[in-house]
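Chains as they are written, first to last, in our numbering: chain A, 1 to 126; chain B, 1001 to 1156.
Here is the structure:
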């Protein structure tokens, strides 16, 4: 009995951790306290904001396709979930890259609204 | 007793001598290092810098050559330990600058300059190369730690 409980608990924990791209849209919208706009997300993603790079500098303006690191030239697999099933399935990874890439492009963290907008746009790409 | 020790000691010495002889930069397997240090560029061989360089680099990942490469503390410590344990030896040569500070770039070390002395300044600046750190432009198998001179090519 004890074993069954432990297995059940482990399964439950695994279940909670696996995330889908939609979960991130929900989470960021909730944090922002407002609905996302895919159109705003597209503009944010493709426009430089004072720095050397925009998100599109490495992920391209149409992230259904593969990108290339603007400095090192290394290939980057597509960012849009419709083109790459591995994207937006791990919260630690998603948070880590938003932190790093926002710092590199904006010199600050992205707001929850900005992240929600980007998610809405990426999810709309087909 | 003596007869048993001698051959095994010999085998041990032979095993220790092998990697040095092959001049190999094959990457020792390490899942965290691969995950965290090969997303923006190929994984550079730990053998190409000494431990003090790796410690200095790993101490400032949020300002990593103009990029934010910061990671959580647990992974930072694990990767530092891995790099230090597999850092360069005698053949790596001097990896400090004129002031004695540890260099952070493999491409600034004396050994790198020596191995690439035949490459002209114009070649380094070709658009297909962009940066000397772009090892894979000329060493197609760099991601696997293979840099032998017969595999090196000069791209257009």
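All residues carry an ideal CB built from backbone N, CA and C; glycine is no exception.
| query | result |
| --- | --- |
| Chain-order list of residues whose beta-carbon lies under 8 Å from that of residue 1021 (chain B) (same chain, five-residue window excluded) | Only weak support is given to the placement of residue 1021 (chain B): the predicted model assigns it a pLDDT of 39, under 50, and the question is left unresolved by the model. |
| Proximity below 8 Å, CB of residue 1054 (chain B) to CB of residue 1083 (chain B) | yes |
| Below-8 Å beta-carbon distance, residue 74 (chain A) vs any chain B residue | yes |
| Stretch pair the stretch 30-49 of chain A + the stretch 90-100 of chain A: three plus CB contacts closer than 8 Å | no |
| Exposure of residue 90 (chain A), with buried meaning 16 or more beta-carbon neighbours within 10 Å | exposed |
| Residues that residue 103 (chain A) contacts on chain B, provided the C-beta gap is smaller than 7 Å | 1068 |
| Minimum Cβ-Cβ distance from residue 59 (chain A) to chain B less than 8 Å | no |
| Segment contact flag, the stretch 24-36 of chain A with the stretch 66-82 of chain A, C-beta cutoff 8 Å, min 3 pairs | no |
| Buried or exposed (CB count within 10 angstroms, at least 16 for buried), residue 1077 (chain B) | exposed |
| Cβ shell of residue 20 (chain A) (< 8 Å), same chain only, five flanking positions each side left out | 88, 89 |
| Rounded separation between residue 66 (chain A) and residue 1099 (chain B) - CA only | 43 Å |
| Identity of the residue in B:1126, B:1153, B:1122 nearest residue 1136 (chain B) by Cα | B:1153 |
| Touching by the beta-carbon criterion (3+ pairs, under 8 Å), the stretch 1059-1069 of chain B and the stretch 1026-1033 of chain B | no |
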